[in-house]
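The structure under discussion appears below in the form of structure tokens.
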Amino acid sequence: MTDLATTVLSELTGSLNSQRTITRLLHLVTEDLCDRALLALVDTRRLGYLLADSHTETSDLTIPLGTPATATLERVCATGLAEAFPVTTAGALADVLPELSVDADLAALRGEALLVPLRARGGDIGVLVLLREGRLFDPESTAVARSVSDRAAVAVDSARLYEERAQVASVLAESLRPPALRDFPHLSLGSCFRPSVEHLEFGGDFYDVYGTDEDCLLVLGDVCGKGVEAAVLNGRARQSLRTAALFNLAPAAVLRALNQALFEPGSTRFVTVAAARVREMEGGRHVEIAVAGHEPPLVIRANGSVEQVGVSGPLSGVFPTLAPYDEVFTLLAPGDTLLLFSDGITEAPGRDGTRYGLARLTEVAGWYAGLEPSALCQAVEQDVVDRISGGGHDDITLLAVRVR
Amino acid sequence: MTGLLEGLAPEVARYEDAVAVGDSDTAASVVRRLLAGGADPTVVLLDVIAAVQRRVGERWQSGEWSVPQEHAATAVAVGLADEVVRHVRSTVTPTRSLLMACPEQEWHALPALLTAGVLASHAWDVTVLGAATPPGRLATHLHDNGPDATGVSCSVVRSLPAARRFIEASTAAGVPVLAGGPAFGPDERRALALGATGWAPDARSAAAVLAGFPTFVPAAPALDADAISEHAELDRERDRLVDEAVALSGVEPVSTQDPADSGLVRSVVEQLLHALSGALLTGDPRPVPETVAWASDVLGARDYDPRSVGALVDALRQQVTHLPRCAALLA
Numbered sequence: 001m002t003d004l005a006t007t008v009l010s011e012l013t014g015s016l017n018s019q020r021t022i023t024r025l026l027h028l029v030t031e032d033l034c035d036r037a038l039l040a041l042v043d044t045r046r047l048g049y050l051l052a053d054s055h056t057e058t059s060d061l062t063i064p065l066g067t068p069a070t071a072t073l074e075r076v077c078a079t080g081l082a083e084a085f086p087v088t089t090a091g092a093l094a095d096v097l098p099e100l101s102v103d104a105d106l107a108a109l110r111g112e113a114l115l116v117p118l119r120a121r122g123g124d125i126g127v128l129v130l131l132r133e134g135r136l137f138d139p140e141s142t143a144v145a146r147s148v149s150d151r152a153a154v155a156v157d158s159a160r161l162y163e164e165r166a167q168v169a170s171v172l173a174e175s176l177r178p179p180a181l182r183d184f185p186h187l188s189l190g191s192c193f194r195p196s197v198e199h200l201e202f203g204g205d206f207y208d209v210y211g212t213d214e215d216c217l218l219v220l221g222d223v224c225g226k227g228v229e230a231a232v233l234n235g236r237a238r239q240s241l242r243t244a245a246l247f248n249l250a251p252a253a254v255l256r257a258l259n260q261a262l263f264e265p266g267s268t269r270f271v272t273v274a275a276a277r278v279r280e281m282e283g284g285r286h287v288e289i290a291v292a293g294h295e296p297p298l299v300i301r302a303n304g305s306v307e308q309v310g311v312s313g314p315l316s317g318v319f320p321t322l323a324p325y326d327e328v329f330t331l332l333a334p335g336d337t338l339l340l341f342s343d344g345i346t347e348a349p350g351r352d353g354t355r356y357g358l359a360r361l362t363e364v365a366g367w368y369a370g371l372e373p374s375a376l377c378q379a380v381e382q383d384v385v386d387r388i389s390g391g392g393h394d395d396i397t398l399l400a401v402r403v404r
Numbered sequence: 405m406t407g408l409l410e411g412l413a414p415e416v417a418r419y420e421d422a423v424a425v426g427d428s429d430t431a432a433s434v435v436r437r438l439l440a441g442g443a444d445p446t447v448v449l450l451d452v453i454a455a456v457q458r459r460v461g462e463r464w465q466s467g468e469w470s471v472p473q474e475h476a477a478t479a480v481a482v483g484l485a486d487e488v489v490r491h492v493r494s495t496v497t498p499t500r501s502l503l504m505a506c507p508e509q510e511w512h513a514l515p516a517l518l519t520a521g522v523l524a525s526h527a528w529d530v531t532v533l534g535a536a537t538p539p540g541r542l543a544t545h546l547h548d549n550g551p552d553a554t555g556v557s558c559s560v561v562r563s564l565p566a567a568r569r570f571i572e573a574s575t576a577a578g579v580p581v582l583a584g585g586p587a588f589g590p591d592e593r594r595a596l597a598l599g600a601t602g603w604a605p606d607a608r609s610a611a612a613v614l615a616g617f618p619t620f621v622p623a624a625p626a627l628d629a630d631a632i633s634e635h636a637e638l639d640r641e642r643d644r645l646v647d648e649a650v651a652l653s654g655v656e657p658v659s660t661q662d663p664a665d666s667g668l669v670r671s672v673v674e675q676l677l678h679a680l681s682g683a684l685l686t687g688d689p690r691p692v693p694e695t696v697a698w699a700s701d702v703l704g705a706r707d708y709d710p711r712s713v714g715a716l717v718d719a720l721r722q723q724v725t726h727l728p729r730c731a732a733l734l735a
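If you read the protein sequences in the order shown, they are chains A and B.
When you line the first sequence up against my numbering, it's residues 1 to 404, in that order.
When you line the second sequence up against my numbering, it's residues 405 to 735, in that order.
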């Protein structure tokens with residue numbers, strides 16, 4: 001049984017999921033050390049204890065502060081000393097646990113309760129309530145209970161800290177994640193996003209689509225830097241573009257507004273953006289394109305020929321005032337696709353030391369000219385990722401629109 | 405339901421014809437009609453969508469279809485499978501959760517989606533991470549969501565090393581892992597060798613295997629050190645091994661109509677290397693002869709000399725004489 005502490009350490013530290021870590025701890029101690037176990041976890045937000053029980057699935061029962069039960073728990077936490085209670089009557093456990101949590105089995109239990117504090121990193125994590133039926137906790141078991149709780153405390157605390165951070169990250173990620181795209185009646189859309197930091201769901205690249213089937217604006221941008229810092233600037237850029245697009249869908253106007261919104265004296269941060277407006281007009285879909293320091297998009301014709309739009313423009317966020325951005329025009333017929341991409345694609349490092357390159361992108365785009373945009377993006381993504389060497393890559397981002 | 409089963413064959417034919425000409429609207433209407441008519445979603449997923457998709461793969465292998473055609477058909481199948489899964493989710497209340505993913509180098513996402521749909525019918529809440537999922541992304545999901553089990557889907561042998569990393573990530577967090585897909589072979593041998601908790605031969609049996617899973621599992625034991633080091637060398641030297649084997653074999657590329665098929669000879673040697681790695685890590689030699697047979701089919705269908713595969717294997721064997729296990733596998 002002295003191995004239990006080691007087992008607890010090795011089996012609990014692998015998971016950062018709070019719920020599963022607690023459940024596993026309770027499973028482990030009820031195998032040899034005791035017959036039933038509960039964990040009263042300190043809940044700093046609601047000023048009470050969350051209760052988890054080895055015999056029930058759920059662990060969302062709360063013991064509020066100020067009840068007789070919490071007096072015992074608080075004392076154990078404060079002293080850091082384990083306490084043993086004989087359980088000789090039906091009401092004995094009421095001094096430790098609130099009535100609600102004492103089910104029929106618990107009420108019938110006669111034996112001993114051992115309360116062991118969990119402390120980690122200078123904080124009180126909670127109290128482990130171990131129950132033995134028909135026998136008492138001898139000194140050796142009590143010592144084992146203490147070493148188990150010392151090790152468990154660190155694992156439970158780590159999981160809890162992770163959970164708190166993950167919740168914050170998740171809320172923020174919601175707005176930073178690339179949007180889900182919905183097709184228009186005459187235009188189908190496709191995209192691909194593979195962030196450079198693989199466990200985040202966002203990065204420095206972004207894309208958005210504004211407007212309607214008759215008149216819409218596609219943007220794809222890249223913020224300097226990587227990871228979380230880049231993602232925050234990405235959020236600001238998206239917000240500025242969205243606001244500008246409310247007033248005017250013309251790419252040159254939107255890029256101008258973005259530059260004014262982003263420019264800060266003394267800042268070295270910048271954004272590159274490609275913007276394309278697709279409008280229903282006589283003769284087909286009329287496309288106007290402008291770029292701010294970004295590679296212009298590819299036009300993929302239904303017959304498989306591919307060409308890059310010829311246009312350039314200054315980076316966004318670097319200069320306070322700018323001459324108007326150049327716009328170029330092209331026409332899309334049914335079956336034609338416009339493909340916007342970030343340099344995470346063209347700069348992707350290959351296994352032989354070369355970059356993926358515009359030439360390869362152009363070739364592959366031509367092969368898949370007949371595919372719907374989502375399938376095209378996936379096929380390109382697969383080709384790029386298959387060629388990447390083990391090291392990292394910049395965010396890989398694609399946005400495609402095809403005329404039905 | 406009998407009336408529906410009788411009506412299934414013509415519907416499958418209609419679906420297949422639509423997929424063959426890239427008519428996604430007609431394919432979608434077949435699926436929606438079947439669901440609206442009360443067809444079992446598992447039947448729609450496995451006996452319509454998956455069955456036709458198998459024939460799509462056969463058409464590429466036989467040279468009848470180009471790579472882009474295969475991609476287009478797959479995209480249609482994935483979109484429709486997704487629709488069926490959403491339909492199931494809206495009708496069944498889940499009691500347990502599963503995280504399903506395809507490891508790096510695995511771009512066949514459809515099998516994972518099909519299994520997810522079948523499991524959803526058995527009250528599993530399945531989250532499907534897409535094709536070629538990085539292990540960091542899987543680990544984050546495991547910690548954030550604490551699923552009851554993980555599912556790993558591998559269609560190609562080249563993704564087995566990455567599947568092992570998934571199994572390590574999942575079992576280290578105590579979460580049991582179900583392995584499935586053609587790359588794991590016809591029995592549980594490879595899956596268990598890589599540390600999976602269980603193996604399912606197909607989507608229909610996945611639910612039963614999962615039902616027998618424990619709540620927590622210990623971390624998967626380490627693989628054989630020699631196997632790992634030979635695999636690591638194959639991985640590190642892959643480009644050089646391919647270049648030299650192709651040059652040594654004397655096999656010349658045959659010109660092809662499908663530009664996406666260029667580099668087929670190199671691709672065959674790469675697949676042999678992946679098969680070697682798979683055999684090393686799982687201790688199961690079968691991937692090697694299976695890959696040789698596949699290569700014969702693929703090259704044979706494209707007018708290559710029938711001795712080409714043998715020449716490539718011989719050339720590769722000469723490159724790995726210093727790696728005893730690899731040499732033995734190629735003997």
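Heads up, the beta-carbon is just placed ideally off N, CA and C, and yes, glycines get one too.
Computed from a predicted model, the values in this text were never measured in an experiment.
{"query": "Complete beta strand (DSSP E) runs within the region 269-316 of chain A (minimum length 3 residues, chain order)", "result": "271-281, 284-292, 298-300, 306-308"}
{"query": "Closer than 7 Å to chain A by CB, A576/B", "result": "yes"}
{"query": "Anticipated Cβ contact below 8 Å, L676/B with T695/B, distance rounded", "result": "6 Å"}
{"query": "Close Cβ partners of S149/A (< 6 Å) along its chain, the five nearest in sequence each way excluded", "result": "V116, L118, L128"}
{"query": "V228/A versus A173/A - alpha carbon distance", "result": "10 Å"}
{"query": "Identity of the residues DSSP links to G126/A by a beta bridge", "result": "L41/A, L118/A"}
{"query": "Per-residue burial, V669/B [other beta carbons within 10 Å of its own, 16 or more giving buried]", "result": "buried"}
{"query": "V532/B in three-state terms, based on DSSP", "result": "strand"}
{"query": "Close-in-space but distant-in-sequence residues of the same chain around A735/B (CB under 6 Å, 5 per side omitted)", "result": "none"}
{"query": "G392/A at chain B interface by Cβ criterion, 7 Å", "result": "no"}
{"query": "Burial state of E634/B (16 or more Cβ within 10 Å)", "result": "buried"}
{"query": "CB of V423/B within 7 Å of CB of A431/B, strictly", "result": "yes"}
{"query": "Contact check, L517/B vs H545/B, beta carbons under 7 Å", "result": "no"}
{"query": "Opposing strand residues paired with P64/A [DSSP bridges]", "result": "G48/A"}
{"query": "Endpoints, the beta strand (DSSP E) within which I396/A is located", "result": "396-403"}
{"query": "Buried versus exposed call for N303/A [16 or more other C-beta atoms within 10 Å across all chains shown]", "result": "exposed"}
{"query": "Proximity of L61/A and R151/A at Cβ, strictly below 7 Å", "result": "no"}
{"query": "Test item: CB-CB of D662/B and S470/B under 7 Å", "result": "yes"}
{"query": "Opening and closing residue of the beta strand (DSSP E) in which V219/A lies", "result": "215-223"}
{"query": "DSSP-derived helix/strand/coil call for F319/A", "result": "coil"}
{"query": "Proximity test, Cβ basis, 7 Å: M405/B and chain A", "result": "Interpretation of M405/B is limited by its pLDDT of 45, a score under 50 that renders its predicted location unreliable; no figure is taken from the coordinates."}
{"query": "Cross-chain neighbours of T544/B in chain A, by beta carbon under 7 Å", "result": "H199"}
{"query": "Local conformation of F184/A per DSSP, three classes", "result": "coil"}
{"query": "Spatial neighbours of R402/A in its chain, beta-carbon cut-off 6 Å, leaving aside the 5 residues before and after", "result": "S188, T337, P373"}
{"query": "Candidates V452/B, E572/B, D701/B: closest to G411/B by CA position", "result": "V452/B"}
{"query": "Contact check, S15/A vs T21/A, beta carbons under 7 Å", "result": "yes"}
{"query": "Chain B contacts made by the region 3-24 of chain A, where a contact means CB separation under 7 Å", "result": "E11, G14, S15, L16, N17, Q19, R20, R24"}
{"query": "Interfacial residues, the region 342-357 of chain A to chain B, with Cβ spacing under 7 Å", "result": "R351, D352"}
{"query": "Under 9 Å by beta carbon: chain B residues contacting L187/A", "result": "Simply none; closest approach about 16 Å."}
{"query": "Extent of the continuous beta strand (DSSP E) run through E83/A", "result": "83-87"}
{"query": "Cβ of L371/A within 7 Å of any chain B Cβ", "result": "yes"}
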